[in-house]
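Protein chains in written order, with the working numbering: chain A, 20 to 442; chain B, 77 to 409. Note that the Cβ used here is the ideal one computed from N, Cα and C, for glycine as well. Notes to accompany the following structure.
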């Protein structure tokens, strides 16, 4: 028993000492990341790590490294698993900054975990890049070194509203019905504000609780408000219920867009014909048409792999035949933003790179990139996806679209008879 | 008099361990945030041990007390930030509110749930945690599901530098003080009538009742004390260190499970147990996530199983048995 206790004590002492060995100063630019590889955000975290590795690979091997003081310097990516846990995020950031001596910290997934790490990086004047925290309030707290790549929650339905405003100037009546959650309410506030800017009338606005099992009363009230189109949602389960009960109640509108749920293949698998014509906003979808040519036309800089190159690099990094989603794309785009900013600043000092990021505008496979003074992402446009004959078609923005939008969408009665949403 | 002093000797290893942690954190580069995490787990275990360790009751809703404590601090800062001249006093108000709110919740829960025993008590307490979270979200109390983010208010009240120091140092120091205070209260209880009554009811509640012990009273004392410390841990380690509060994150049952593991690893009902359990748990978690990111749980789970199998009474429980009737035994209770 005594021997076991000594062995156990030895293990912990060894771990404590071995874990403190400082990293060797390397001729590289170091990115540190408390990644969510396990816990509730594991799926998004795995995608983010794959996306970052893919773009680090591209910068080092295709781009030749980051140009810094006349030299091409490679990027080095160090990540640990924060288990989607608050306590681990701060302790791992502490290690990345002081033991690994990284030059920049990439935030973990989610607004909560991003906020958790921010005071630690701020206290050390360390650049903290956010690819998974969409809450606008992060950028209203006065942080100096937090810079966002993911589009803010308030912008999710901006593109949908712009599109309808352009293709159907007569449509004025909009209904908003979202889940009662921090994220969905932020999306709703943004949608409401932009709708008013465009001259739409909010004829219905209501939230429903998480885990809702019957939306009939809410949808009946919404039907009575006679909206031209409906924006809403929250998560997959409620989004599916929303659509199904819209069909049950024969609530036909010109357009119907759901956050989070409608872009998933499982949504169509579950709803089949009822999902025809339904739209959903996404940060990125495979198939977007962002290219060097598109960047030239938009008068902005292009950097990074093409979409297909990114997918190939992602699969190589993941070590399996996995398709990258928007979590991977936004994390990868963040690497490109950082590399460009270091070149622009001519330094890896956080304050200089932060300033350079503030002045930076570019386009990559992920789309546009630009931030305001607070670090909030304002250059990236969400893409809108529509289910057309069982396929996800990118219908907005025009620079990224793979097909025209089907507007107005077929009625539920028409869809039940086999009509598909093809423009 | 000498007797009065010697009965507090077991605090010496506790104080020495926390002092060592503090010194390591302050003097070794890159260690403070790791030490902060270890202090959080030690404080969590130390607070939970007052109820779980001393009564043998498993409270699956424990995190609810941390959650309302977090809200106590968040509400004080976000709602009183506009009052001029409060300065750092707002933190004191936050702590008072955190203790009040967690105590009130524990009285409400304890009055009902402590009438139940064993598995029934455990199931009833799970409901408390989820119920309170849904109450906040559904009734839109305290900003509902949107939660409260108050970094900007802290910056406004304390100034940017002081607010930053609060989140990265002072909040952790408060956790250390809470952990020490929880250990001291545990020892005071152990050395008093309360401790004897709790030991009696833990071993056989019916027998204790027959002997004339008011078991409900002593269970409620342990429950409220433990809940108050949980409120303080939430207020400092979550609200001050992370200036936001979202309901799903502060009512996450995962933290209750962690508290149970920590107490059982170290030794339930022992003074040093939560400290040792917190260190084993925190250090294993941290270094496994560094050496094998993404796969640490595959290794971590067997480590916990091995420790529990080798030391069924917890590490400190084993040490206590080994050092009984020796000079060292005076320090291990």
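For residue i, which of helix, strand or coil comes out of DSSP?
i: residue 45 of chain A; result: For residue 45 of chain A, the predicted structure reports a pLDDT of 49, less than 50, and the residue's modelled location is therefore unreliable. The matter cannot be settled from this model.
i: residue 405 of chain B; result: helix
i: residue 112 of chain B; result: helix
i: residue 411 of chain A; result: strand
i: residue 357 of chain B; result: helix
i: residue 401 of chain A; result: coil
i: residue 389 of chain A; result: strand
i: residue 299 of chain A; result: strand
i: residue 102 of chain A; result: coil
i: residue 372 of chain B; result: helix
i: residue 81 of chain B; result: helix
i: residue 341 of chain A; result: coil
i: residue 326 of chain A; result: helix
i: residue 148 of chain A; result: strand
i: residue 269 of chain B; result: helix
i: residue 215 of chain A; result: helix
i: residue 204 of chain B; result: helix
Residue i versus chain B: which residues are under 8 Å apart at the beta carbon?
i: residue 142 of chain A; result: 240, 241, 243 and 244
i: residue 121 of chain A; result: Neighbours of residue 121 of chain A on chain B: none; closest Cβ ~11 Å, over 8 Å.
i: residue 134 of chain A; result: 225, 227, 318, 319 and 320
i: residue 204 of chain A; result: 221 and 222
How about residue i: is its C-beta nearer than 7 Å to some C-beta of chain A?
i: residue 94 of chain B; result: no
i: residue 221 of chain B; result: yes
i: residue 333 of chain B; result: no
Applying a beta-carbon distance threshold of less than 7 Å, which residues of chain B neighbour residue i?
i: residue 106 of chain A; result: 113 and 116
i: residue 249 of chain A; result: Simply none; closest approach about 21 Å.
i: residue 156 of chain A; result: 225
Name the DSSP bridge partner or partners of residue i?
i: residue 225 of chain B; result: B/320
i: residue 197 of chain A; result: A/226 and A/252
i: residue 50 of chain A; result: A/96 and A/123
i: residue 314 of chain B; result: Residue 314 of chain B pairs with nothing; no bridge assigned.
i: residue 321 of chain A; result: A/382
i: residue 447 of chain A; result: The structure shown has nothing for residue 447 of chain A, since chain A only spans 20 to 442.
i: residue 220 of chain A; result: A/192
i: residue 278 of chain A; result: A/252
i: residue 165 of chain A; result: A/147
i: residue 86 of chain A; result: A/91
Using a Cβ-Cβ distance cut-off of 7 Å, determine whether residue i contacts chain B.
i: residue 113 of chain A; result: yes
i: residue 200 of chain A; result: yes
i: residue 160 of chain A; result: yes
i: residue 165 of chain A; result: no
i: residue 99 of chain A; result: yes
i: residue 234 of chain A; result: no
i: residue 138 of chain A; result: yes
i: residue 72 of chain A; result: no
Name the chain B residues whose beta carbon is nearer than 9 Å to that of residue i?
i: residue 117 of chain A; result: 105, 106, 107, 108 and 109
i: residue 244 of chain A; result: None at all; the shortest Cβ gap to chain B is about 22 Å.
Starting from the beta carbon of residue i, find every residue of chain A whose beta carbon is closer than 7 Å, and list them in chain order.
i: residue 151 of chain B; result: What residue 151 of chain B touches in chain A: nothing, since even the nearest Cβ is about 17 Å away.
i: residue 372 of chain B; result: 100
i: residue 231 of chain B; result: 161
List the residues of chain A that residue i touches, going by C-beta distances under 8 Å, in chain order.
i: residue 325 of chain B; result: 105 and 131
i: residue 361 of chain B; result: 102 and 107
i: residue 214 of chain B; result: 199 and 228
i: residue 369 of chain B; result: 54, 56, 98, 99 and 100
i: residue 365 of chain B; result: 99, 100, 101, 102, 107 and 111
Of all the CB atoms in chain E, is at least one closer than 7 Å to the CB of residue i?
i: residue 430 of chain A; result: The structure shown has no chain E; the protein chains it does contain are A and B.
Taking 6 Å as the cut-off, is the C-beta of residue i nearer than that to any heavy atom in the ligand PLP?
i: residue 166 of chain A; result: Inclusion of the ligand PLP in the displayed structure is not the case, the ligand content being empty and no account of it being possible.
Exercise. If we count Cβ pairs, one from each stretch, closer than 8 Å, do we get three or more for the segment 422-434 of chain A versus the segment 321-331 of chain A?
Worked result: Cβ pair count under 8 Å is below three, so no.
Exercise. Is the segment 150-170 of chain A in contact with the segment 336-354 of chain A, if contact means three or more CB pairs nearer than 8 Å?
Worked result: Per the Cβ contact rule, the segment 150-170 of chain A is in contact with the segment 336-354 of chain A (3 or more Cβ pairs under 8 Å).
Exercise. Are there three or more Cβ pairs, one per stretch, closer than 8 Å when the segment 283-303 of chain A is compared with the segment 261-273 of chain A?
Worked result: The segment 283-303 of chain A vs the segment 261-273 of chain A: in contact.
For this session: Decide yes or no for the touch test of the segment 340-358 of chain B against the segment 115-133 of chain B: beta carbon pairs closer than 8 Å, at least 3 of them.
Result: With the cut-off at 8 Å, the segment 340-358 of chain B and the segment 115-133 of chain B touch.
Exercise. Does the segment 204-217 of chain A come close enough to the segment 234-246 of chain A that 3 or more CB-CB pairs lie under 8 Å?
Worked result: By the Cβ criterion, the segment 234-246 of chain A is not in contact with the segment 204-217 of chain A, since fewer than three pairs of Cβ atoms, one from each stretch, lie closer than 8 Å.
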